[in-house]
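S.K.:
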Ligand SMILES: [Zn+2]
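Numbering (our numbering), first residue to last: 188 to 461.
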């Protein structure tokens, strides 16, 4: 009885060590192991291979255990003489060991039938996340609001015969957040007014905290573009334009100033800054 069972166990052990030998014969891999694996392997390609080696070793180990169980059962059976209990127990050991081996291999087959991925170990891979990084503003714009001496981009024009030094005054007096907002305007604009030292002391222009953008050279769509940009800029506290009064903004809220205020701003957008 015992002799008949040898052929079942020996191939299992042999296959196990043969696979281990393949592993150890491979070239150096990505992971150098601090402790040499059973079978002498000192590196693996990844966690999957590591687990595979232990699994194969486990198979061999189970084969050995099964072999001893079968041998033990066989001896039990042989020495039982006329005792039926001894024979039954011997058979139980042999049968149990064989069932274990059959189950072990069946489980592999069942898993492979359900889904081959369940038995093919793969190294875990982190997915690559793609992030859209917005393009940084052009270098000259960064410089423009980086310091009071930097130039604004050429698409910003200061033009009003009443204020011949407007650009210089803007460079000297405008706050950095104000310069940043102006430098980032999405389309070319003409600024017709900034600092008005002779105006009303309560006016934002008197305090160099406002500009007027000329709108006679702009289409409604261009005005909308500029208003959208300004109304969403945290440095801007107020916008007023007579052309599109429904877009007027006061302290972060859409606000119509009424017919008179709008009629004062028919040819420009007034922009106040905090
Ligand atoms: Zn104004």
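Ideal Cβ placement from N, Cα and C applies to all residues, glycine included.
#1: Relative to ligand 1, what is the chain-ordered list of residues with a Cβ closer than 6 Å to any of its non-hydrogen atoms?
#2: Between which residues of its own chain and residue 295 is the CB-CB distance below 8 Å, once the five residues before and five after are set aside?
#3: DSSP beta-bridge partners for residue 401?
#4: Locate the alpha helix (DSSP H) running through residue 293, then write down its first and last residues.
#5: How would you label residue 220, buried or exposed, when you count the other beta carbons within 10 angstroms and need 16 or more for buried?
#6: Could you pull out every residue in the same chain whose Cβ sits closer than 7 Å to the Cβ of residue 310, ignoring the five residues on either side in sequence?
#7: Fully enclosed by the stretch 408 to 450, which beta strand (DSSP E) runs are 3 residues long or longer?
#8: Are residue 456 and residue 402 touching if we call contact CB-CB under 9 Å?
#9: So, does the CB of residue 252 fall closer than 9 Å to a CB anywhere in chain C?
#10: For residue 227, count neighbouring C-beta atoms within 10 Å of its own C-beta (all shown protein chains included) and say buried if the count is 16 or more, exposed if not.
#11: What's the gap between the Cα of residue 389 and the Cα of residue 376?
#12: If I measure Cβ to Cβ from residue 217 and keep anything under 6 Å in the same chain, skipping five residues before and after, which residues do I get?
#13: By the 10 Å Cβ neighbour count, where 16 or more other Cβ atoms means buried, how is residue 298 classified, buried or exposed?
#14: Which residue wins for smallest C-alpha separation from residue 428, given the options 270, 421, 407?
#15: State the CB to CB distance for the pair residue 423 and residue 368, rounded to an integer number of angstroms; the pair is presumed to be in contact (CB under 8 Å).
#16: Are residue 411 and residue 431 touching if we call contact CB-CB under 9 Å?
#17: From the DSSP output, read off the bridge partner residues of residue 350.
#18: Could you compute how far the alpha carbon of residue 435 sits from the alpha carbon of residue 397?
#19: Please report how far the alpha carbon of residue 355 lies from the alpha carbon of residue 446, in whole angstroms.
#20: So, for residue 459: in the same chain, excluding its five sequence neighbours on each side, which residues have a beta-carbon less than 8 Å away from its beta-carbon?
#21: Considering just the uninterrupted stretch of the alpha helix (DSSP H) at residue 364, what are its terminal residues?
#22: I need the DSSP call for residue 265, collapsed to helix, strand or coil.
M.R.: Checking against the coordinates, here is how it stands:
#1: 380, 392, 397, 399, 457
#2: 306
#3: 455
#4: 271 to 301
#5: exposed
#6: 233, 234, 235
#7: 423 to 428
#8: yes
#9: Here chain C cannot be found, since the structure has a single protein chain.
#10: exposed
#11: 26 Å
#12: 232
#13: exposed
#14: 407
#15: 6 Å
#16: yes
#17: DSSP lists no partner for residue 350.
#18: 15 Å
#19: 34 Å
#20: 391, 396, 397, 423, 424, 425, 426
#21: 363 to 370
#22: helix
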